[in-house]
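Q: 423 is the number of the first residue of the sequence shown in the numbering used here; add one for each residue after it.
Backbone N, C-alpha and C fix where the C-beta goes; we use that ideal spot for every residue, glycine too.
Below: one structure in structure tokens.
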Amino acid sequence: MVPGRKIIFALFTDVSVNPQRHMGVGACLLVPVSFLDRDPQQVERTEVFAKLRFRRFEETSSTKLEVQTVLWALGEYRAEFGSVDPGTLRVYTDSQCVAGLLGRRAGLEGTSYIARRSAHALRNATLYRAFFAAHDDIGFTLFKVAGHARARSHTTVQRVFAHVDQGVRRELSGWLIESGTLNE
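As structure tokens, this is what we get:
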């Protein structure tokens, strides 16, 4: 490492949810951003799987799980590195909700997280507040990963994300089998 030079990290997050059971798994992968300098074909699934971290969530939904997972992953990052310099973390997600949260911040805060139609507090208001607090604290940059594309046209980011996606799906399937709810 060059003295005085900040290491920038890439944090990939993805989820897999079983909406009928209200259970899901979040996954995160934390790598130095230099990991993304390779050709896509050089990113091996086994290498990504070895670095993946998982967390199980119950009583959740798709949208809720996406935000829960990012918050958990940011907590993992903080636990590993303690205080961080703003701009040293890039968060990659395919979640439209998460990717759009920063753009919705002023509106959400302006309405005090109250839904216009129902005049009730938004279901995920607490998570949104925590997300904004984490952003203010860490200063991460969000990147929206394009959805499923053909493997041969993957960029390195898409290839890494595809492996994260496979890993989290596999983890949820294993949990469903373990809990005996896969075929119910």
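Taking only the alpha-carbon atoms, compute the straight-line gap between residue 508 and residue 560 and give it to the nearest angstrom.
A: 6 Å
Q: Could you name the residues of the same chain whose beta carbon sits closer than 7 Å to that of residue 603, not counting the 5 residues immediately before and after it, in chain order?
A: 443, listed in sequence order.
Q: Quick check on DSSP: helix, strand or coil for residue 460?
A: coil
Q: So, for residue 484: in the same chain, excluding its five sequence neighbours on each side, which residues have a beta-carbon less than 6 Å away from its beta-carbon?
A: 439
Q: Just to confirm, is the Cβ distance from residue 535 to residue 543 under 7 Å?
A: Cβ atoms of residue 535 and residue 543: closer than 7 Å.
Q: Give the straight-line distance between the Cα atoms of residue 473 and residue 523, rounded to the nearest whole angstrom.
A: 27 Å
Q: Is the segment 441-458 touching the segment 487-503 in the sense that three or more CB pairs, one from each, lie closer than 8 Å?
A: yes
Q: Are the beta-carbon atoms belonging to residue 471 and residue 452 less than 7 Å from one another?
A: no
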